[in-house]
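A short write-up of the structure that comes next.
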Amino acid sequence: MVYFLTVLWERFARQAAKKHDFRLWSGGKCPVCGQKPILAMLSKGNGARLLECGLCHTRWEFYRLVCPDCGNKDQNTLGFFYLPSQQYRRVYVCKRCKYYLKTTVLRELGREIIPELENVATFYLDYLAHKEGYKLIGSKKETH
Ligand SMILES: [Zn+2]
Ligand SMILES: [Zn+2]
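Rendered as structure tokens:
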């Protein structure tokens with residue numbers, strides 16, 4: 001009986017470890033399918049940054065002050081812009097690699113979003129980002 005409990009506990013610990021890794025995934029890419037996120041949101045509760053995969057719809061937490069593309073942590077080259085009329089829809093940019101990611105602040109918006117619709121509804125932000133020289137997510141050539 002004791003043995004049985006031990007095995008169960010070990011299995012539980014393994015699962016917990018897996019979950020933990022998943023939550024703190026630091027690659028900036030979808031932990032399930034490896035795609036780059038189409039959109040990010042800052043959650044209502046603790047303001048954590050959640051990235052949304054456009055392909056398999058996995059949502060995972062990512063460091064808020066790190067570029068999901070190049071891992072840049074230098075706050076002088078990270079920032080965001082928004083239109084004054086829609087402050088809850090921001091575009092986070094990295095000046096080092098010229099990556100941008102649209103980010104909706106759920107607390108300020110006051111509701112949940114459907115990421116695919118939000119992505120379409122905010123295309124003007126893509127336009128502005130392109131105009132500023134930032135690149136569309138996933139459009140960069142990967143070096144193999
Ligand atoms: Zn995915
Ligand atoms: Zn970057």
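Our numbering applies: residue 1 is where the sequence shown begins, and numbers increase by one.
In this text, a Cβ means the ideal position worked out from N, Cα and C, and glycines have one as well.
query                                                                                                              : result
Quick check on the burial criterion: 16 or more other C-beta atoms within 10 angstroms. Buried or exposed for Y99? : buried
Taking the CB atoms as reference points, tell me whether L39 and E52 lie closer together than 7 Å.                 : yes
Which residues, in chain order, sit with a beta-carbon under 6 Å away from any heavy atom of ligand 2?             : C67, D69, C70, N72, C94, R96, C97, Y99
Between which two residues does the beta strand (DSSP E) holding R96 run?                                          : It is not in any beta strand (DSSP E) - R96 carries neither H nor E in the DSSP assignment.
Throw me the rounded Cβ distance for the T190 and F80 pair, which I believe falls under 8 Å.                       : Residue 190 lies beyond the range of the chain shown here (1 to 144); nothing can be said about it.
Tell me the DSSP secondary structure of V105 in three-state form.                                                  : strand
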